[in-house]
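Here's the structure, in structure tokens; my notes come after.
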Amino acid sequence: MRGRSPAYVFVLGILLCLPFWTRGAGALEWPDTPIGHASLTGKIYTQAALRTQHSHGYTFPETNAGDLVQHRNFLQAEFKNVFNRELSFFFSTRIVYEGLYDYGPKKFEPYGHKGNDLDDGHMLFDNLLVDFREGYLDINRGPIFMRIGRQNLSWGEADLFRLLDQINPLDNTFGFLEDFDERRIPLDMIRLDLDFGNVAFVQGLLLEGFVALGKVQAPIAGFGTPFSAPLPATPIEVRLVEARQKEVRGGLRLMGLTRGVNWSLGHYWTYPDAPGGRFAFSRPGDALSLYQEIKFNRQMITGGSFSFFTGLDATQTMARGEFAYAWDEKMFDPVKNTPFGPTTIFVPPLGSLLSKIGFGKLRESD
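Residue 467 is where the sequence shown starts when you use this note's numbering, and the numbers rise one by one after that.
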């Protein structure tokens with residue numbers, strides 16, 4: 467639900483959750499869920515951002531040093547019910563209230579309740595967002611695990627740059643530097659894991675597959691938000707090409723442990739977070755019929771990841787890395803993608819190989 471709802475809805479949600487407040491920064495939780503019991507966990511924070519310098523270029527609207535450009539109030543609640551060893555249920559929802567458009571600089575007020583034409587009327591940056599996040603059923607029978615419902619699925623070892631972790635689209639209206647867990651948009655998905663156990667020199671060999679339904683694409687931040695791209699306004703018509711219903715996301719991944727190294731190899735189909743664009747004419751030869759077409763091109767990605775403990779007990783350091791090859795990724799070619807010439811309608815596909823390696827502190831999940 468998105469709309470012009472009063473801020474007290476958000477405040478009321480906080481008050482209802484206060485009885486479950488426990489120690490820890492921004493944590494609402496009960497103990498781990500034992501079999502036959504239910505649990506409630508959550509996250510709450512308030513976050514403000516100020517400009518440190520005057521905006522320039524094509525930033526819109528213009529802001530001055532010291533101006534408030536964000537005051538996000540965030541509440542997320544998660545409910546889990548473990549019926550038995552083979553069946554459990556999970557549900558999460560969140561409320562986000564952005565106060566910028568109500569009590570921030572006056573220049574932001576006109577944009578607080580506008581949608582974006584590129585998203586088919588979907589309200590991208592309303593003051594209040596009440597969002598059903600995830601809801602799925604877990605079924606575990608011997609070597610088979612199945613998760614059915616709306617969910618997020620993350621592959622790879624990336625924390626800041628998404629190489630293999632491009633299954634779920636990102637909310638580009640939420641802010642570039644926000645946590646991926648908050649920006650990922652859950653999809654209606656079926657996930658299946660097959661555990662083969664120890665095979666030859668591989669421990670815990672696991673095959674995972676998923677199919678995500680629907681045509682959800684990454685929303686684009688519109689003009690008048692602090693997170694929109696600094697681009698000038700244009701009189702040229704912009705058209706969004708929607709994904710076809712049959713073009714679903716899906717893929718397979720093989721994982722295991724060999725000589726202390728966790729590794730994975732995967733291949734999947736998805737859509738990028740940023741669309742590609744091209745210029746074209748509605749009527750060939752008519753300069754007044756020029757328009758820009760925006761499209762999320764279906765993408766095929768193959769890659770792998772690894773992680774291992776470095777053996778340095780004093781620093782508890784892990785080494786992590788991954789690589790990803792994007793097949794036939796659409797690239798901008800000034801010769802082919804400008805509106806002057808017969809090849810305008812073609813967007814050249816080029817493959818690209820990306821990789822990264824890093825070191826970090828041992829996490830509880832490792």
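The beta carbon of each residue, even a glycine, is placed where N, CA and C say it ideally should be.
None of these values were measured; they are calculated from a predicted model.
In this structure, what does DSSP give as the bridge partners for Phe607? First, the residue type needs correcting, since residue 607 is Arg and not Phe in the sequence shown. Arg607 has Ile610 as its beta-bridge partners, per DSSP.
Compare the Cα-Cα distances from Pro692 to each of Phe640, Arg599 and Tyr734 and report the closest residue. Ranking the options by Cα distance to Pro692, first place goes to Phe640.
Who does Asp661 pair with in a DSSP beta bridge? In the DSSP assignment, Asp661 is bridged to Leu672.
Alpha helix (DSSP H) containing Leu566: first to last residue? First-last of the alpha helix (DSSP H) with Leu566: Leu566 to Tyr569.
Since I believe Val704 is in contact with Gln758 (beta carbons under 8 Å), could you give me their beta-carbon distance rounded to a whole number of angstroms? Taking the Cβ atoms as the reference, Gln758 lies roughly 5 Å from Val704, within the contact range of under 8 Å.
If you follow the alpha helix (DSSP H) that Arg649 is part of, which residue opens it and which one closes it? Note, Arg649: alpha helix (DSSP H), Phe646 to Arg649.
Check whether the stretch 661 to 669 touches the stretch 508 to 524, taking contact to mean three or more Cβ pairs, one atom from each stretch, closer than 8 Å. Cβ pair count under 8 Å is below three, so no.
Less than 8 Å between CB atoms is the rule here; does Gly622 satisfy it with respect to chain D? The displayed structure is made up of one protein chain only, and chain D is not part of it.
With Val548 as the anchor, note down where its beta strand (DSSP E) starts and where it stops. Counting along the chain, the unbroken beta strand (DSSP E) around Val548 starts and ends at Leu534 to Asn550.
So, is Glu564 buried or exposed, given that buried needs 16 or more other C-beta atoms within 10 angstroms? With 16 or more other Cβ atoms within 10 Å, it is buried.
Within the stretch 714 to 776, note down every full beta strand (DSSP E) run reaching 3 residues or more, in order along the chain. For the stretch 714 to 776, the full-length beta strand (DSSP E) segments reaching 3 residues or more read 715 to 724, 727 to 736, 742 to 747, 756 to 761 and 765 to 775 along the chain.
Mind checking whether Leu706 and Val682 have CB atoms under 8 Å apart? Leu706 places its beta carbon 8 Å or farther from that of Val682.
Counting Cβ pairs closer than 8 Å, one from the stretch 598 to 607 and one from the stretch 543 to 563, do we hit at least three? In short, these stretches touch, since the Cβ pair count reaches three.
So Thr507 is in the beta strand (DSSP E); what residue range does that whole segment cover? The continuous beta strand (DSSP E) containing Thr507 extends over residues Ala504 to Leu516.
DSSP state of Glu528, grouped into three classes? Reduced to three states, the DSSP call for Glu528 is coil.
Apply the 10 Å Cβ neighbour rule to Gln542 and answer buried if 16 or more other Cβ atoms are within range, or exposed otherwise. With 16 or more Cβ atoms within 10 Å of its Cβ, Gln542 is classed as buried.
Cβ neighbours of Leu720 in the same chain (closer than 6 Å, five flanking residues each side left out): For Leu720, the CB contacts under 6 Å within the same chain, skipping 5 residues up- and downstream, are Leu673 and Leu731 in chain order.
Report yes if the C-beta distance between Ala785 and Ser773 is below 8 Å; otherwise report no. Closer than 8 Å, so yes.
Can you tell which of Phe745, Gly769 and Ser558 has the C-alpha that lies nearest to the C-alpha of Glu623? Closest option to Glu623, Cα to Cα, is Gly769.
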